[in-house]
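Quick note on the working numbering: the sequence shown kicks off at 134 and runs consecutively. Every residue, glycine too, gets a C-beta built ideally from N, C-alpha and C. Model, not experiment: these values are computed from the prediction. Here the structure is laid out as structure tokens; the discussion comes afterwards.
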Amino acid sequence: MSFRYIGSKSRLISQIARYMGPPEHGSFFVDGFCGTGVVAEAAAELGWNVRINDSLRSAVISAGARLISADQAVFKKLGGYSKAIAKLNAAKPKHGFMWREYSPASMDTCGLERRYFTQDNAARIDAMRALIGEWVEAGDVDEVEERLLIADLFGALNRVANIAGTFGCFLSKWTNQSQEKIAMRCRELKESGVRVEATVGDVFDVPNSARDLVYLDPPYTKRQYASYYHILETVALDDEPHVEGVAGLRPWKDLASDFCYKTRALKTLSRLVHSLRAQKVLLSYSSEGHICLQDMRAELSKIGTFTMHPLGAIGRYRPNKVASSAASDVNEFLVVVDRPVVQLPEEQSKIVNAIKPVLVESFA
Ligand SMILES: C[S@@+](CC[C@H](N)C(=O)[O-])C[C@H]1O[C@@H](n2cnc3c(N)ncnc32)[C@H](O)[C@@H]1O
134 MSFRYIGSKS
144 RLISQIARYM
154 GPPEHGSFFV
164 DGFCGTGVVA
174 EAAAELGWNV
184 RINDSLRSAV
194 ISAGARLISA
204 DQAVFKKLGG
214 YSKAIAKLNA
224 AKPKHGFMWR
234 EYSPASMDTC
244 GLERRYFTQD
254 NAARIDAMRA
264 LIGEWVEAGD
274 VDEVEERLLI
284 ADLFGALNRV
294 ANIAGTFGCF
304 LSKWTNQSQE
314 KIAMRCRELK
324 ESGVRVEATV
334 GDVFDVPNSA
344 RDLVYLDPPY
354 TKRQYASYYH
364 ILETVALDDE
374 PHVEGVAGLR
384 PWKDLASDFC
394 YKTRALKTLS
404 RLVHSLRAQK
414 VLLSYSSEGH
424 ICLQDMRAEL
434 SKIGTFTMHP
444 LGAIGRYRPN
454 KVASSAASDV
464 NEFLVVVDRP
474 VVQLPEEQSK
484 IVNAIKPVLV
494 ESFA
């Protein structure tokens, strides 16, 4: 996947994968904050069944699309994957929500000229998203194919978005890339699939068992993903929310993450690790995050054996060139918590087992 995502582990993935080990029969690699899904994808390549979760539907769609195999997305009714993509690229531009709110046409809508997309590209995004919806309605694509196409649309719109990496705001001057005509592309699908379960929701609600390997990669700064990636979320949900301000944010506060508040991050993390059933937990974090390593060690050592592995330097996520020249590198590390198997009291087990994921897909 081509787009830039705050905190993505794409550059550290080979180092993280070393700590995954081989899967036990029937167990899952549980990626509770899956983001782009690059870590879950590496686990799947090692043969793990994977369970992906994120509070953003757009993230779960992106992550899930990385795991789709060719036999799961044959697009039988549309004549194949590449024909479906060609039809989307040829869809007649439509003056819909993206055009009204996120292109210069927004001047007439709300008196603010938002420059996320050119008018032509925004109208094409509207047309592409609408056509995917029509295919779903008509039964021409199934759920896996639908999510693959939405993820491909994310890729395409990211390539022409007039932004500095996130949708937190648009750039005042148009970039050269943003002037190009949006075009969706086919991705390379996996040759074979592992078992995948996907949920959209709070990490606390993700089922896990003693034999699973739980990977946690929570946000570590105050940047709230729900606001930084609001446009992707709107495309994923295909709704027309009331958007506000210069950036045209959809309401996002109900998705605000406790991990983004310095005062709550440690307590929330400790509560989360305590609540897990898995014996082994991997946790990615940064030395520049809200929680300092000493405090994390003190707290998580109460739960199990705590070991910390520095992963070397990763370039800081740089929203613009000015910040880039001033910034030092962020140091990422991986914590392994090995905990004794916990038998949950019967009442608590019932609650865990009763959790119904909002979006679930499961295929062998
Ligand atoms: C650091 S990013 C994960 C990056 C991911 N590992 C990757 O390599 O792309 C953190 C993710 O956590 C999600 N998130 C934040 N709070 C959450 C919560 N309480 N439950 C589930 N997901 C959450 C965000 O939407 C974001 O996608």
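Indicate, with yes or no, if ligand 1 has a heavy atom lying under 7 Å from the CB of residue i.
{"i": "Pro351", "result": "yes"}
{"i": "Leu192", "result": "A quick correction: the sequence has Ala, not Leu, at residue 192. Yes, the Cβ of Ala192 comes within 7 Å of a heavy atom of ligand 1."}
{"i": "Leu189", "result": "yes"}
{"i": "Asn186", "result": "yes"}
{"i": "Gly241", "result": "Strictly speaking, residue 241 in this sequence is Asp, with Gly absent from that position. False, no ligand heavy atom lies under 7 Å from that Cβ."}
{"i": "Val336", "result": "yes"}
{"i": "Val163", "result": "no"}
{"i": "Lys142", "result": "yes"}
{"i": "Cys167", "result": "yes"}
{"i": "Phe392", "result": "yes"}
{"i": "Val414", "result": "no"}
{"i": "Val376", "result": "no"}
{"i": "Val469", "result": "no"}
{"i": "Tyr235", "result": "no"}
{"i": "Val406", "result": "no"}
{"i": "Val368", "result": "no"}
{"i": "Ala171", "result": "Sequence check: residue 171 is Val here, not Ala. Yes, the Cβ of Val171 comes within 7 Å of a heavy atom of ligand 1."}
{"i": "Tyr418", "result": "no"}
{"i": "Tyr138", "result": "yes"}
{"i": "Tyr358", "result": "yes"}
Identify the continuous beta strand (DSSP E) that holds residue i and give its terminal residues.
{"i": "Leu349", "result": "Leu346 to Leu349"}
{"i": "Arg184", "result": "Asn182 to Asp187"}
Let me check one thing: in DSSP terms, what residues is residue i bridge-paired to?
{"i": "Tyr418", "result": "Phe466"}
{"i": "Asp285", "result": "Bridge partners of Asp285: none, in fact."}
{"i": "Ile296", "result": "Phe303"}
{"i": "Glu276", "result": "In DSSP, Glu276 forms no bridge with anything."}
{"i": "Phe162", "result": "Val183 and Leu346"}
{"i": "Asp338", "result": "Beta-bridge pairing links Asp338 to no other residue."}
{"i": "Lys323", "result": "Ser202"}
{"i": "Asp471", "result": "Lys413 and Thr438"}
Please list, in chain order, all residues of the same chain as residue i whose beta carbon is under 8 Å from its beta carbon, the five residues on each side excluded.
{"i": "Leu211", "result": "Ala217, Lys220, Trp268, Asp273 and Val274"}
{"i": "Trp181", "result": "Met153, Pro156, Ser160, Phe161, Phe162, Val327 and Leu346"}
{"i": "Ser408", "result": "Phe337"}
Among residues of its own chain, excluding the 5 on either side of residue i, which ones have a beta-carbon nearer than 6 Å to its beta-carbon?
{"i": "Leu349", "result": "Gly165 and Leu416"}
{"i": "Met231", "result": "Ala255, Ile258 and Asp259"}
{"i": "Ala223", "result": "none"}
{"i": "Arg430", "result": "Phe439"}
{"i": "Leu365", "result": "Ser191 and Phe287"}
{"i": "Ser85", "result": "As displayed, the chain neither begins before 134 nor continues past 497, which places residue 85 out of reach and without an answer."}
{"i": "Leu200", "result": "Ala177 and Val329"}
{"i": "Gln148", "result": "Leu444"}
{"i": "Val468", "result": "Leu416 and Met441"}
Looking only at its chain, what residues have a beta carbon closer than 7 Å to the beta carbon of residue i, apart from the 5 residues adjacent to it on each side?
{"i": "Ala198", "result": "Arg280, Leu281 and Ala284"}
{"i": "Thr242", "result": "Arg233 and Glu234"}
{"i": "Ser195", "result": "Met134, Thr169, Gly170, Ala284 and Phe287"}
{"i": "Cys319", "result": "Tyr214, Ser215 and Ile218"}
{"i": "Ser325", "result": "Ser202"}
{"i": "Thr251", "result": "Ser236, Ser311 and Gln312"}
{"i": "Val406", "result": "Val414, Leu433, Ile436 and Val470"}
{"i": "Gly229", "result": "Asp259 and Ala263"}
{"i": "Phe303", "result": "Arg247, Arg248, Tyr249, Asn295 and Ile296"}
{"i": "Ala456", "result": "Since pLDDT at Ala456 reaches only 41, below the 50 mark, its modelled position is unreliable, and the value read off the structure follows with that caveat. Contacts found: none."}
{"i": "Tyr362", "result": "Leu189, Ser191, Thr299 and Phe300"}
Considering residue i, what are the terminal residues of the alpha helix (DSSP H) in which it resides?
{"i": "Ile149", "result": "Ile146 to Ala150"}
{"i": "Glu174", "result": "Val171 to Glu178"}
{"i": "Ala359", "result": "Tyr358 to Tyr361"}
Please confirm whether residue i has its beta-carbon closer than 8 Å to some beta-carbon of chain B.
{"i": "Cys243", "result": "No chain B is part of this structure, which consists of one protein chain only."}
Fully enclosed by the stretch 202-254, which beta strand (DSSP E) runs are 3 residues long or longer?
-> none
Enumerate, from N- to C-terminal direction, the unbroken alpha helix (DSSP H) stretches of 4 or more residues contained entirely within the stretch 364-452.
-> 395-408 and 426-433
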